[in-house]
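Input: a single structure, listed below in structure tokens.
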Amino acid sequence: QTEVGKLTPASIRDIALKRQDIHYPKPRVVTLTQATEVGTVYRPDELKAISATCKELGLHLHMDGARFSNACAFLGCSPAELSWKAGVDVLCFGGTKNGMAVGEAILFFNRDLAEDFDYR
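The working numbering applies: residue 9 is where the sequence shown begins, and numbers increase by one.
See the structure below:
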């Protein structure tokens, strides 16, 4: 838990390395929401630091882009700066929360993760 509702490299490391025994799940992905559920946003430098930690720990980085457009507008950043350029592997873009009448999109920046996606 944090006061601003955001993951940090330290919090990810603490959780991912908490236990390594057979009775504990092996983490494979970090999911964060942009903007967060409490209205804060991840800046590109924060995302790059989180991505570096994920890579160090062998984890993928997934972004729930529920309010992605709001974060881009607030920060004055391009969508690329807040996604693939910052090290995000997969972005789920919620259309209705981002100004569309209908629709959802899943954007794979790490193409290996898209393999067999249609069958899952």
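For every residue, glycine included, the Cβ atom is placed at its ideal position computed from N, Cα and C.
Spatial neighbours of residue i within its chain, please: C-beta separation below 7 Å, excluding the five flanking residues on both sides.
i     : result
Thr48 : Val12, Gly13 and Lys14
Pro52 : Cys85, Glu89, Leu90 and Ala94
Tyr50 : Lys14, Leu40 and Gln42
Going by other Cβ atoms of all chains shown within 10 Å of its Cβ, with 16 needed for buried, is residue i buried or exposed?
i      : result
Ala122 : exposed
Thr104 : exposed
Output the distance between the C-alpha atoms of residue i and residue j, rounded to the nearest integer angstrom.
i      : j     : result
Ala109 : Leu25 : 42 Å
Gly107 : Ala79 : 13 Å
Ile30  : Ser19 : 22 Å
Asp22  : Tyr32 : 14 Å
Val46  : Gln28 : 31 Å
Thr10  : Cys62 : 19 Å
Asn118 : Asp97 : 5 Å
Tyr127 : Gly66 : 24 Å
Lys34  : Phe82 : 35 Å
Whose C-beta lies closer than 8 Å to the C-beta of residue i among residues of the same chain, with five residues either side of it excluded?
i      : result
Phe101 : Gly73, Phe76, Glu112, Ala113, Ile114 and Leu115
Ala60  : Pro17 and Gly95
Thr44  : Val12, Gly13, Lys14 and Tyr50
Just to confirm, does residue i get its C-beta within under 7 Å of one of the non-hydrogen atoms of the ligand ADP?
i     : result
Asp53 : The ligand ADP is not part of this structure, which contains no ligands at all.
Might you give, ordered along the chain, the residues of its own chain that have their beta carbon closer than 6 Å to the beta carbon of residue i, omitting 5 neighbours on each side?
i     : result
Thr70 : Note on residue identity: the sequence assigns His, not Thr, to residue 70. Once the five neighbours on either side are set aside, the close Cβ partners of His70 are Val37, Thr39 and Val98.
Trp92 : Phe117
Leu55 : Ala94
Consider the Cβ of residue i: report whether some Cβ of chain B lies at a distance smaller than 8 Å.
i     : result
Cys80 : No chain B is part of this structure, which consists of one protein chain only.
> Unbroken beta strand (DSSP E) runs of length 3 or more, entirely within the region 71 to 113: which are they?
Replying inline: 98 to 102
> What are the complete alpha helix (DSSP H) segments, minimum 4 residues, inside the region 32 to 72?
Replying inline: 52 to 65
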